[in-house]
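Using this note's numbering, you'd call the opening residue of the sequence shown number 73 and step up by one each time.
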Amino acid sequence: MKKKFLLILFVMFGSLIFAQTKVIKSNNGTAQFENKEMWINVVLVNDLKSTINAWNSVSENETPGIRATTKISLENSFISPFIVYKINSEKISQIYYDCELIEIDGKTSEYKGSKLLFWKNKPQNTNLMYSVAQNYGWGFDETDPEGEYIIRIKIYTDKKQITEFQLPFTFSK
């Protein structure tokens, strides 16, 4: 009886370990995720508007150069993840993401983006890369403490979490 109970416990514990989402951590301001259904790239940027304009100004066969950042200051006080993706499967339903800021004390900021959309209308061309439909970012000022912060991005469908990114950056005054 003990062996049977231990076997059941081992199977339950093992399935919990393998069912967990892989957390992708990167210290260089950019990170990628890929599986058979999709490819996702996240880049931390200081100027989201210019990045979106650069992305939208090239032809669909080109990719603009996007500079990643891991530092912000009072002079350059905005940071946002710029997310691009490619869908390799017609079976994928709507994709969402949550975007959170983990402060230097380890607490999650009250300012966060929840259930942000990857697309409004599902991409028809699986050969192209797209940027997300909704973006989110944070501005810093002199009241914010200096130090290392982390942007956490959780990507999911209605049925499951796909992946999680954690990208640290430094704020200095």
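C-beta atoms are modelled at their ideal positions from N, C-alpha and C, and glycine is treated no differently.
Reference residue i, options the options, closest by Cα
i: residue 201; options: 97, 98, 96 and 114; result: 114
i: residue 242; options: 163, 142 and 170; result: 142
i: residue 229; options: 139, 221 and 163; result: 163
i: residue 192; options: 185, 184, 203 and 186; result: 203
i: residue 174; options: 222, 105 and 123; result: 222
i: residue 148; options: 187, 127, 196 and 214; result: 214
i: residue 208; options: 216, 188, 95 and 197; result: 188
i: residue 168; options: 126, 140, 244 and 235; result: 235
i: residue 99; options: 125, 120, 232 and 140; result: 140
i: residue 185; options: 170, 210 and 196; result: 170
i: residue 212; options: 196, 146, 119 and 102; result: 146
i: residue 198; options: 161, 129 and 121; result: 161
i: residue 172; options: 129, 103, 94 and 210; result: 210
i: residue 105; options: 226, 231, 244 and 240; result: 226
i: residue 245; options: 231, 216 and 237; result: 216
For residue i, the residue or residues it bridges with in DSSP
i: residue 158; result: 111
i: residue 141; result: Answer by DSSP bridge pairing: none, since residue 141 is not bridged.
i: residue 164; result: Residue 164 pairs with nothing; no bridge assigned.
i: residue 242; result: 143 and 220
i: residue 153; result: 116
Contact belief for residue i with residue j at Cβ below 8 angstroms, rounded distance in angstroms
i: residue 219; j: residue 176; result: 4 angstroms
i: residue 157; j: residue 111; result: 6 angstroms
Run of the beta strand (DSSP E) containing residue i, from where it starts to where it stops
i: residue 103; result: 102-106
i: residue 172; result: 168-174
i: residue 97; result: 95-97
Extent of the continuous alpha helix (DSSP H) to which residue i belongs
i: residue 120; result: 120-129
If we require 3 or more residues per run, which beta strand (DSSP E) segments fall completely within the segment 181-238?
185-189 and 219-228
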